[in-house]
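Working notes for the structure below.
2 protein chains.
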Amino acid sequence: MFFYYFARTIKKPFVKTNFTPGPSQLYFTVESHVKQAFREGIPSLSHRSKQFELISAQATQGIKNLLGVPDGFHIFFTGSATEIWERSVQNLVEHSSFHFVNGAFSKRYFEIAQQLNKKSSKKESSLGQGFTDYQIPENTELIALTHNETSTGVSLPMEFIHSFRDKFPDALIAVDAVSSLPYPAFDFTKIDTLFFSVQKGFGLPAGLGVWIINDKCIAKAESLLAKGINIGTYHNLPTLYANAKKNQTPETPNVLGIYLLAKVVEDFLQRSAHTIRKETEYKAAILYNTLDSHSLLKAFVTDKSSRSQTVIVAECGTHVEAVTKVLQEKGMYPGDGYGELKKTQLRFANFPTHSKEQFELLVDTLEAFK
Amino acid sequence: MFFYYFARTIKKPFVKTNFTPGPSQLYFTVESHVKQAFREGIPSLSHRSKQFELISAQATQGIKNLLGVPDGFHIFFTGSATEIWERSVQNLVEHSSFHFVNGAFSKRYFEIAQQLNKKSSKKESSLGQGFTDYQIPENTELIALTHNETSTGVSLPMEFIHSFRDKFPDALIAVDAVSSLPYPAFDFTKIDTLFFSVQKGFGLPAGLGVWIINDKCIAKAESLLAKGINIGTYHNLPTLYANAKKNQTPETPNVLGIYLLAKVVEDFLQRSAHTIRKETEYKAAILYNTLDSHSLLKAFVTDKSSRSQTVIVAECGTHVEAVTKVLQEKGMYPGDGYGELKKTQLRFANFPTHSKEQFELLVDTLEAFK
């Protein structure tokens, strides 16, 4: 303990805030949870022990409470959200899926479906824009939506996501919410599967994907299996489900990651999902207001209904370096623009770990930049 | 270093030693590496940063040095060794693989090949025994060997593993060394792929698989892909290889896990692979000697050439509970027997984290049990 206090004391004078959209700043309780984990022997805990099952149950129930996940949905752990892109197509699509592509990550989800030899199709939006018209082929088995495009800061409006169930009652609806959860409040009667990875909004070390999925999806995977279609092995849905019922995993999982997830979800629940949402909206509003009234900077996403609340992209033109410099002088580290947009954009994550005070300092510093 | 010695000193009064074969006792340096990781911001480090690439290169080069991996072999990271079972069949087998099954884990590797719709076959040995005769079908594309059966403590002799290259020059040879590495010294001219997970011999928190693989395997995967065969997506061999060349990973990986692996491998290299091997053999020898001369206990594996050096299984008959009790009183926690064998067996991991002194105390305590 002595070392720990000593190490923290010498660090304090310069507080660094990481606004990169992922992996992002750790949630501020993580380091102390890791210390507790070592005291409890979690990093070497057997995943076949009762203690692991309790931790797994705690993480699962915590997520259900936090996100309002109803009965009939289940929670599985994978290595990453990238894995869930693959597993969801493999288990839920015999012939074709349809993908709304509004940036680099939704595009990869589509490409993964193609690599799995599915006859998938897509509707692509212009960079930074949402979707106005689209045509989904008949017999589409899975409609894939990326709630929040980490690359461009475009978010699909909730009404848009929730509009497909009635129009396409036979399709499964998959939502990638990697960089928006725990912020969005989905209506689980309108979607069938939802997933995220822990290194973004949950502020945890990378190496764990979380897959929320309903009985209809599991039945679909079973029907593919019955037809002799390859739906994968240890991480196919029937196997994940059979294990999850016992709060188990098919393989030796990232036990420490699941423990930390359980703990951080507990912290979130103490703050309440409602408070986290309201604070997220407040922080997003002050940053968008600043960008909207700024003389040199502006918000990349102009349509307000498509603006992400959790990854806010600033169009900085030729000022990228200068803005980065003034922010870093105050200990604030923005994320680069994605890919080619690196030259002209900065991205700001707005996750539960980012406090109102940090956002106020960010906004004040940007406003002073003239 | 000061912290580390101090930490060991204050811990001494009641030292708990975990002999379960995995997840096992952490390597004794892990906790201090985790502290250092937090000081360096590793748990939230971007996997697209230069710093991550350096860490990844350090882990990769360290493993190559430790295990004597020659040029023409590459190292990839996955979520688990279970994943490597699946990916290896998916990427290396068009029609059929052949599996030597000598316990629960080698059996699962075989079953995964079947689940992937391959026409695979197996040779099964009696529990606790090695293989004498076998018939491998012509045109077998992959021969799968489990060096060390964690469930039964049966190890395949190195001469056996190395005997297939000359007999089956066209087959790829895959070795699962999950619970034996870093102990065994493989001849890489006789095998094509080798894999392990970090929570056993490397004494790290679970959630990372390490896949060592040669150019011939990558070429095979590419040839399957060219035929339009589904070899998976983000974790197929060509994609893993394209990323690994840049010390990158296709998805956001377990960054902290890779950092800790790099650090522990560095610790192992300082001790030297030779020292670790000699110490492993010494510890195994004194435990087998004790079991061989005991009046109530005996080694489960009777054939000395099939005896695992890293997972030693004691046949305890009706004494399981009594032996466990006397060991636990001295802070030593044996592993249960696997599955049904729980009632009559105990398993003892002999990994680099287990010191000679701990093994001497273990042996003394078992000898006093009459």
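Chains F and D are the protein sequences, given in the same order. Counting in our numbering, the first sequence runs from 1 upward without gaps. Counting in our numbering, the second sequence runs from 1001 upward without gaps. All C-beta atoms in this analysis are idealised placements derived from N, C-alpha and C, irrespective of residue type, glycine included. For clarity, every value in this text was computed on a predicted model and none was experimentally measured.
query: When we look at the beta-carbon of P1169 of chain D and count the other beta-carbons within 10 Å, is it buried (16 or more) or exposed?
result: exposed
query: Which class does F1098 of chain D belong to by DSSP, given the choice of helix, strand or coil?
result: If DSSP states are grouped into helix, strand and coil, F1098 of chain D belongs with the strands.
- prompt: What are the uninterrupted segments assigned as alpha helix (DSSP H) that are 4 or more residues long and contained completely in the region 19-98 of chain F, given in chain order?
  reply: 30-40, 50-67, 81-92
query: DSSP three-state call for V1311 of chain D: helix, strand or coil?
result: The answer is strand: DSSP assigns V1311 of chain D an E or B state.
field: Under 8 angstroms (Cβ pairs) to chain F, residues found in the region 1022-1040 of chain D
entry: Per Cβ criterion, the list reads G1022, P1023, S1024, Q1025, L1026, V1030, E1031, V1034, K1035, F1038, R1039.
query: Which residues mark the beginning and the end of the beta strand (DSSP E) in which I136 of chain F is found?
result: Element bounds for I136 of chain F: n/a, residue is neither H nor E.
message: Could you tell me the alpha carbon to alpha carbon distance between D1187 of chain D and S1295 of chain D, rounded to whole angstroms?
response: 39 angstroms
message: Per DSSP, what are the beta-bridge partners of I1218 of chain D in this structure?
response: In DSSP, I1218 of chain D forms no bridge with anything.
message: Please identify the residue among F:G207, F:R165, F:Y183 whose C-alpha is closest to the C-alpha of D192 of chain F.
response: Of F:G207, F:R165, F:Y183, the residue nearest in Cα terms is F:R165.
- prompt: Thinking just about the alpha-carbon of each residue, which of F:L361, F:T152, F:T146, F:L172 is nearest to the one in F195 of chain F?
  reply: F:T146
- request: Could you tell me which residues DSSP puts in a beta bridge with I973 of chain D?
  value: Residue 973 of chain D falls outside the range modelled here, since chain D spans only 1001 to 1370, and no answer is possible.
- prompt: Exposed or buried, which one is N1117 of chain D when buried takes at least 16 other CB atoms within 10 Å?
  reply: exposed
The region 188-221 of chain F: positions lying closer than 7 angstroms to chain D by Cβ: S197, Q199, P205, A206, G207
Close Cβ partners of K343 of chain F (< 8 angstroms) along its chain, the five nearest in sequence each way excluded: Hits under 8 angstroms: V320, G337.
- request: Quick one: list the residues of chain A neighbouring I1143 of chain D, beta-carbon separation under 8 angstroms, in chain order.
  value: Absent here is chain A; the protein component of the structure consists of chains F and D.
query: Which residues in the same chain have their Cβ closer than 8 angstroms to the Cβ of A221 of chain F, if we skip the five residues on either side of it in sequence?
result: N91, L92, I231, N236, L237, P238
Chain-ordered neighbours of V255 of chain F on chain D, where CB pairs are closer than 8 angstroms: P1023, P1205, A1206, G1207
message: Restricting to Cα atoms, I'd like to know which of D:Q1345, D:L1341, D:Q1358 is closest to I1286 of chain D.
response: D:Q1358
- prompt: Can you tell which of D:T1132, D:S1179, D:Y1183 has its C-alpha closest to the C-alpha of S1163 of chain D?
  reply: D:T1132
message: Going by C-alpha to C-alpha distance, which of D:I1136, D:S1120, D:K1200 sits closest to P1149 of chain D?
response: According to the sequence provided, residue 1149 of chain D is Glu. The question's Pro does not apply to it. Cα-wise, what sits closest to E1149 of chain D is D:K1200.
query: How is Y1259 of chain D classed by DSSP in three states: helix, strand or coil?
result: In the three-state reduction of the DSSP assignment, Y1259 of chain D falls in the helix class.
query: Helix, strand or coil: which one does DSSP assign to K12 of chain F?
result: Low local confidence applies: a pLDDT of 44 at K12 of chain F is under 50, so the model's placement there is unreliable, with the coordinate-based value given in what follows. In this structure, K12 of chain F counts as coil in the three-state DSSP scheme.
message: Is there a Cβ of chain D sitting closer than 9 angstroms to that of S179 of chain F, yes or no?
response: Chain D, which has no Cβ nearer than 9 angstroms to the Cβ of S179 of chain F, makes this no.
- prompt: Identify the residues that DSSP records as bridge partners of K1122 of chain D: which are they?
  reply: D:H1099
message: Short of 7 angstroms Cβ to Cβ, which residues in the region 1106-1119 of chain D face chain F?
response: I1112, Q1115, L1116, N1117
- prompt: Taking Cβ-Cβ distances below 8 angstroms as the criterion, which residues of the region 1088-1101 of chain D are in contact with chain F?
  reply: none
- prompt: Is it true that the CB of F100 of chain F sits closer than 9 angstroms to the CB of K123 of chain F?
  reply: yes
message: Suppose the cutoff is 8 angstroms on Cβ atoms and the five residues either side in sequence are ignored; what does the same chain contact list for D1303 of chain D look like?
response: Q1129, G1130.
message: Short of 7 angstroms in beta carbon distance, which residues of its chain neighbour G1072 of chain D, apart from the five on each side in sequence? Order them along the chain.
response: N1214, D1215
task: Under 9 angstroms between beta-carbons, which chain F residues line up against Y1234 of chain D? List them in chain order, please.
output: S80, T82, E83, W85, E86, R108, I112, Q115
query: Counting along the chain, where does the beta strand (DSSP E) carrying S1106 of chain D start and finish?
result: Segment 1104-1115 is the alpha helix (DSSP H) holding S1106 of chain D; no beta strand (DSSP E) there.
task: Pull up the distance between the alpha-carbon of A174 of chain F and that of Y1282 of chain D, whole angstroms please.
output: 55 angstroms
- request: Compute the minimum distance between the beta carbon of Y1234 of chain D and the heavy atoms of the ligand GDP, and state whether it is under 8 angstroms.
  value: For the structure depicted, the ligand GDP is absent and the ligand set is empty, with no information on it obtainable.
- request: Would you list, in chain order, the members of the region 46-79 of chain F that have their beta-carbon closer than 8 angstroms to a beta-carbon of chain D?
  value: Here the close residues are S46, H47, T78, G79.
message: For a contact defined as C-beta to C-beta under 8 angstroms, what are the partners of P250 of chain F on chain D?
response: Chain order gives the chain D residues near P250 of chain F as T1082, where near means a beta carbon separation below 8 angstroms.
Reduced DSSP category for G164 of chain F - H, G, I as helix; E, B as strand; rest coil: According to the sequence as given, residue 164 of chain F is Phe; it is not Gly. Reduced to three states, the DSSP call for F164 of chain F is helix.
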